[in-house]
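Read the structure below first, then the notes.
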Amino acid sequence: MAGVELAVAAALVVLAVAAGVGITAVGPGGVLITVGLVAFTDLTPAQVAGTALVTNIATGLAGTAVYTRSGQLRDPATRRTAVLLAAGALAGTPLGVAANGLVEGRMFGVLLGAFVALVAVLVLRRRPAAAADAVAGDAGPSDAGGAPGPAAIGAPAAVAVGTGVAAAGAMFGVGGPLLSVPLLVALGTPVLAALAAAQAQSVVIAGIGTAGYLAAGAVDWPLAALMGVPELAGVLAGWMIARAVPAAALKAALVVCLLALAPYVALHG
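Under full-length UniProt numbering, the letters of the sequence shown match residues 1 to 269, in that order.
Following this line, the structure appears as structure tokens:
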């Protein structure tokens with residue numbers, strides 16, 4: 001982190017807060033940490049991914065805790081989906097770490113830019129009925145006093161999503177919610193249930209991924225702390241925002257941010 005200017009540090013902190021809010025309020029938000037590290041530092045692809053994944057351990061644990069408290073992760077169907085996603089992540093995460101080592105800096109930036117644009121498209125394609133589930137007060141079965149829980153997706157589909165998302169997440173240094181939420185919603189899972197299940201999966205991706213990059217000496221701890229603390233604050237704020245702000249407004253803000261950053265990251269890389 002030596003030599004990081006004050007303006008750059010401030011930009012990284014702002015992106016970290018936005019990332020945290022996006023993680024728990026919309027799902028795809030953690031990629032902003034990777035984007036910030038690529039855009040404002042000279043870290044290698046492995047250092048970018050390793051440093052970003054470190055921050056996801058705390059945010060994943062925090063997100064899991066708040067969604068357990070609010071009831072989503074106490075629902076059997078949601079908890080089952082979370083377990084299946086995590087099982088897939090056990091296999092997918094090492095594949096992503098290995099894939100990162102095959103990509104050079106320039107290509108990493110191009111792939112990341114394309115990845116960010118893809119995430120924006122996935123968010124835009126969410127079904128309106130599903131997105132409406134994220135409006136305040138729709139907190140799932142545990143808050144509904146006995147109302148039926150969300151329908152569980154099939155085990156093969158959940159494991160496949162968990163494996164694929166973990167591979168991409170470990171390669172780019174992002175957690176589960178980034179891709180898991182849009183994919184789960186597309187498969188019929190309510191938004192809040194998808195957000196909750198993805199938080200638990202992100203802990204597995206971040207934990208195993210961090211271990212892999214740490215073994216290669218590819219973690220910048222000062223930068224991880226600089227971005228991890230404000231990101232954690234954003235996660236807690238995002239949980240409250242998700243229950244108080246219409247999902248359409250959150251989605252629009254995230255999509256604009258992602259589409260603005262995608263070309264910059266691709267060219268910067």
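In this text, a Cβ means the ideal position worked out from N, Cα and C, and glycines have one as well.
Between the Cα of residue i and those of the options, spot the shortest distance and give me the residue it belongs to.
i, options, result
"V174", "V8, V38 and A233", "V38"
"R106", "A7, G228 and D42", "D42"
"L10", "I23, G36, G22 and G30", "Residue identity check: residue 10 is Ala in the sequence provided, not Leu. Nearest option by C-alpha distance: G36."
"V229", "L12, A167 and L6", "L12"
"A98", "P45, Q199 and T55", "P45"
"L223", "A248, T55 and A253", "T55"
"S180", "V165, E104, G63 and T68", "V165"
"L160", "T93, G50 and L258", "The amino acid at residue 160 is misidentified as Leu; the sequence shows Ala. Taking only the C-alpha atoms, the option nearest A160 is T93."
"A167", "N100, F108, A218 and T59", "N100"
"G176", "G96, W221, F40 and V103", "G96"
"V103", "G30, T163 and V48", "V48"
Ends of the alpha helix (DSSP H) at residue i?
i, result
"T93", "P76 to N100"
"S202", "V191 to A215"
"P222", "W221 to A242"
"G20", "L6 to A25"
Spatial neighbours of residue i within its chain, please: C-beta separation below 7 Å, excluding the five flanking residues on both sides.
i, result
"V255", "A120, V123 and L124"
"A130", "Residue placement at A130 is flagged as unreliable, the pLDDT there being 40, under the threshold of 50; the coordinate-derived value follows with that caveat. Answer for A130: V185, P190 and V191, listed in chain order."
"A155", "L84"
"D138", "For D138, the predicted model reports a pLDDT of 39, less than 50, meaning its position is unreliable; a value from the coordinates is still stated below. Same-chain partners within the cutoff: L192."
"A157", "L187"
Leaving out the 5 sequence neighbours to the left and right, which residues in its chain are closer than 8 Å to residue i when beta-carbon positions are compared?
i, result
"G140", "In this prediction, G140 scores a pLDDT of 41, lower than 50, which makes its location untrustworthy; no coordinate-derived value is stated."
"V265", "V35, V38, A39, G109, L112, G113 and V116"
"I57", "V203, A206, G207 and T210"
Sorted by chain position, which residues of the same chain lie with C-beta nearer than 6 Å to residue i's C-beta, five sequence neighbours on each side aside?
i, result
"G234", "V17, G20 and V21"
"A144", "Unreliable placement is indicated for A144, whose pLDDT of 39 sits below 50; no coordinate value is reported for it."
"W239", "T24 and V66"
"A117", "A262"
"M227", "L12, A16, I33 and T55"
Should residue i be listed as close to the ligand MN, given that the test is whether its C-beta is under 7 Å from any heavy atom?
i, result
"W221", "This structure does not include the ligand MN; it has no bound ligands of any sort."
Alpha helix (DSSP H) segments (min. 4 residues) lying fully within the region 32 to 68: none
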